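In terms of this note's numbering, the sequence shown opens at residue 2 and continues consecutively.
All remarks here apply to the structure that follows.
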Amino acid sequence: MKEKVSIIGSGFASLAASCYLAKSGYQVTIYEKNDQIGGRARQLQREGFTFDMGPSWYWMPDVFERFFADFNKKPSDYYHLEKLNPAYKVFFEKNESITIEDTLEKIYSAFEKEEPGSSIKLKQFIDQAQSNYNIAIKDLVYRPGVSPFELVTAETIKKIGQFFSTISKDVRKHFNNKKLIQILEFPVLFLGAKPSDTPSFYSFMNYADFGLGTWHPQGGMYKVIEGIEKLAISLGVEILTNSVVDKINVLDRAVISISVNEKEIATDLVVTGADYHHSETLLEPEFRQYSESYWDSKTFAPSSLLFYVGFDKKLKNINHHNLFFDVDFDAHSRDIYDTPQWPEEPLFYANFTSVTDENTAPKNCENGFFLIPLAPGLKDNVELRETYFNKILERFERLTDQPVIKNIIFKQSYCVNDFIKDYNSYKGNAYGMANTLLQTAFLRPKLKSSKVEGLFFTGQLTVPGPGVPPALISGKLVSGLIQNS
Ligand SMILES: Cc1cc2nc3c(=O)[nH]c(=O)nc-3n(C[C@H](O)[C@H](O)[C@H](O)COP(=O)(O)OP(=O)(O)OC[C@H]3O[C@@H](n4cnc5c(N)ncnc54)[C@H](O)[C@@H]3O)c2cc1C
Numbered sequence: 002m003k004e005k006v007s008i009i010g011s012g013f014a015s016l017a018a019s020c021y022l023a024k025s026g027y028q029v030t031i032y033e034k035n036d037q038i039g040g041r042a043r044q045l046q047r048e049g050f051t052f053d054m055g056p057s058w059y060w061m062p063d064v065f066e067r068f069f070a071d072f073n074k075k076p077s078d079y080y081h082l083e084k085l086n087p088a089y090k091v092f093f094e095k096n097e098s099i100t101i102e103d104t105l106e107k108i109y110s111a112f113e114k115e116e117p118g119s120s121i122k123l124k125q126f127i128d129q130a131q132s133n134y135n136i137a138i139k140d141l142v143y144r145p146g147v148s149p150f151e152l153v154t155a156e157t158i159k160k161i162g163q164f165f166s167t168i169s170k171d172v173r174k175h176f177n178n179k180k181l182i183q184i185l186e187f188p189v190l191f192l193g194a195k196p197s198d199t200p201s202f203y204s205f206m207n208y209a210d211f212g213l214g215t216w217h218p219q220g221g222m223y224k225v226i227e228g229i230e231k232l233a234i235s236l237g238v239e240i241l242t243n244s245v246v247d248k249i250n251v252l253d254r255a256v257i258s259i260s261v262n263e264k265e266i267a268t269d270l271v272v273t274g275a276d277y278h279h280s281e282t283l284l285e286p287e288f289r290q291y292s293e294s295y296w297d298s299k300t301f302a303p304s305s306l307l308f309y310v311g312f313d314k315k316l317k318n319i320n321h322h323n324l325f326f327d328v329d330f331d332a333h334s335r336d337i338y339d340t341p342q343w344p345e346e347p348l349f350y351a352n353f354t355s356v357t358d359e360n361t362a363p364k365n366c367e368n369g370f371f372l373i374p375l376a377p378g379l380k381d382n383v384e385l386r387e388t389y390f391n392k393i394l395e396r397f398e399r400l401t402d403q404p405v406i407k408n409i410i411f412k413q414s415y416c417v418n419d420f421i422k423d424y425n426s427y428k429g430n431a432y433g434m435a436n437t438l439l440q441t442a443f444l445r446p447k448l449k450s451s452k453v454e455g456l457f458f459t460g461q462l463t464v465p466g467p468g469v470p471p472a473l474i475s476g477k478l479v480s481g482l483i484q485n486s
């Protein structure tokens, strides 16, 4: 008889794990607490507008290709991908912005215009970043974080110095222009930590940004979730929504069943893609591997205040992706990581997928997604959300030189309390646990439980880390461990 695997959650990591396990002969069922699959990558549809609720930057297309290739498929079997040009626009002041286009040559020219001589330095920086990408993303991240020796290779030894310097220092060594420095520090924010706490080796994110480009699946990121769902179902995975897992039951130090909506279901193995901290609370305390003080001592990636907004007109002076770096970058970072508090003047990000993808908003309308990164665990209420909405929309109007507030048909906010309620997220984090040097690979919470036989973890709080590509890889890693155990 086939071994039965119960998977908790239906985020990217869980869906990926389900495909690998079903392909290798396990009988797989996914239990998702919400009424829609996708986890943090769920979709919101309202009044003809379509929003991705979480991820919007499709980076590292090679990781998606590699995932589908494991099933003899291609991304294009499931969704239509477009390389965005421009990739994004960064606003620094009114009439002061830099647009990042779709090829390295065009980006070198944009840099040269801002700081003479910088294109040559950028080329050297990106060559280095590409070499790091080839080591990190094509190889190291596919190792399961079981042993420190996984990180010791002939290539990493040559680059050891880059683990003891930071992105922040490295970028400042080569560039003087403040705007260029901010653009080069932006990609590592996806890893969830400050550039001044992120090793130089992680410049592979800069290669992902400038070298590989920003892509858009037509219809939005949710098309990727739907694609993997289709693949999973074709492999025989059963997916159940509105199914809250309340308990992981253990006998003789081995998993025997899970309780779903308070009903016990026997299982041979459990893979949980729900947030790691929450997953451990489904166990009796003696079977948990990490204490509350362990979690409290970790650097978590930010939470976010988000707004999904429908506008009744087309907006001008914007691109698909837009970064608003018109206020002090360092002050906002300190409010996220050092002295957690609501920022005085926040940086923010906005996307309008309807600029390039007309199916995501009604005709002559624009869908706006606004994101302010915040420290996890902050107090969250309607008044605070409203104050910050007004703050950023006023800046948005000034920087893009147009009235928009009176063109809002609706808005829906999402913040710390929603992350906790919807995803059982630890302190309402949005992107999991940060990928700092001391929270990398074998130093992250483990994929396999050391206390309970048959219990495994996947997703952005374990290996390799936050983001959609790492979540896909995490699903592959955990299924590999199961097959080899
Ligand atoms: C606002 C935002 C913007 C982002 N932007 C990007 C981006 O542009 N690009 C990028 O690559 N990444 C981005 N990310 C990160 C990326 O979305 C995540 O890293 C990834 O989706 C996490 O997937 P996961 O499978 O680890 O977890 P999740 O998606 O959180 O999945 C966990 C699932 O478990 C379910 N669950 C929890 N508890 C239970 C329970 N008891 N019973 C049953 N089910 C349960 C949850 O409902 C959820 O569906 C963003 C994230 C957010 C929130």
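We put the beta carbon where it would ideally sit given N, CA and C, even for glycine.
Note that this is a predicted model, so its numbers are computed, not measured.
- Phe457 and Val479 have their C-alpha atoms roughly 7 Å apart.
- One Cα belongs to Asp36, the other to Ser260, and the distance between them is close to 18 Å.
- Cβ neighbours of Phe205 within its own chain (closer than 7 Å, five residues either side excluded): Ala130, Asn133, Tyr134, Ala137, Ile138.
- Of the candidates Gly162, Leu185, Gln484, Leu185 places its Cα closest to the Cα of Phe126.
- Comparing alpha carbon positions, the residue from Gly274, Val464, Leu252, Glu281 closest to Thr268 is Leu252.
- Within the segment 70 to 142, the runs of alpha helix (DSSP H) that reach at least 4 residues and sit entirely inside it are, in chain order, 105 to 115, 119 to 137.
- Separation of the CB atoms of Pro145 and Gly455 is rounded to 17 Å, and the pair is thereby denied contact status at 8 Å.
- A distance below 6 Å between beta-carbons, with the five flanking residues on each side excluded, links Leu284 to the following residues of its chain, in chain order: Ile249.
- DSSP, read as helix, strand or coil, puts Asp247 in strand.
- The Cβ atoms of Leu473 and Phe202 lie no closer than 7 Å to each other.
- For Arg289, the CB stays at least 6 Å from every heavy atom of ligand 1.
- Here Val91 really is in contact with Phe326; their C-beta atoms are around 6 Å apart, less than 8 Å.
- If you look at Trp216, you'll find it in the beta strand (DSSP E) that goes 216 to 218.
- Counting only runs of 3 or more residues that sit fully inside the segment 182 to 217, no beta strand (DSSP E) segment turns up.
- Around the CB of Ile158, fewer than 16 other CB atoms lie within 10 Å, so the residue is classed as exposed.
- Not one heavy atom of ligand 1 falls within 6 Å of the beta-carbon of Trp343.
- In this structure, Ala472 has its CB closer than 6 Å to one or more heavy atoms of ligand 1.
- For the pair Val405 and Leu105, the Cα-to-Cα distance works out to about 34 Å.
- Excluding five sequence positions before and after Lys317, the CB atoms of its chain that fall closer than 6 Å to its own CB belong to Gln403, given in chain order.
- For Arg386, the Cβ stays outside the 6 Å cut-off from all heavy atoms of ligand 1.
- The beta carbon of Gly468 is closer than 6 Å to those of Phe191 in its chain, skipping five residues each way along the sequence.
- Thr154 and Pro465 have their C-alpha atoms spaced approximately 17 Å apart.
- Scanning the segment 334 to 390 for uninterrupted beta strand (DSSP E) segments of 3 residues or longer gives 349 to 352, 367 to 375, listed from N- to C-terminal end.
- Nearest Cα to Pro218 within the set Thr354, Pro188, Gly274, Gln28: Thr354.
- Our two residues, Leu181 and Ile99, have alpha carbons roughly 9 Å apart in a direct line.
- The three-state secondary structure of Ser19, taken from DSSP, is helix.
- A Cβ-Cβ distance of about 27 Å is found for the pair Pro446 and Tyr208, leaving them out of contact under the 8 Å criterion.
- Among the bridge pairs identified by DSSP, Thr51 is matched with Gln46.
- Leu85 is classed as buried because its beta carbon has at least 16 other beta carbons within 10 Å across all chains shown.
- Distances between the C-beta of Tyr432 and the heavy atoms of ligand 1 include at least one below 6 Å.
- Shown here, Ala275 sits in coil according to DSSP, grouped into three states, outside any helix or strand.
- Under the DSSP definition of a beta bridge, Glu239 partners with Thr30.
- In terms of Cβ geometry, Gly429 and Leu462 do not form a close pair [threshold 7 Å].
- The count of Cβ pairs closer than 8 Å, one atom from the segment 410 to 418 and one from the segment 108 to 122, stays below three, leaving the stretches out of contact.
- No residue range can be given for Val153, since it is assigned to no alpha helix (DSSP H) and is classified by DSSP as neither H nor E.
- Short of 7 Å from the beta carbon of Val142, and not among the five residues preceding or following it, lie these beta carbons of its own chain, in chain order: Pro465, Pro471, Ile474.
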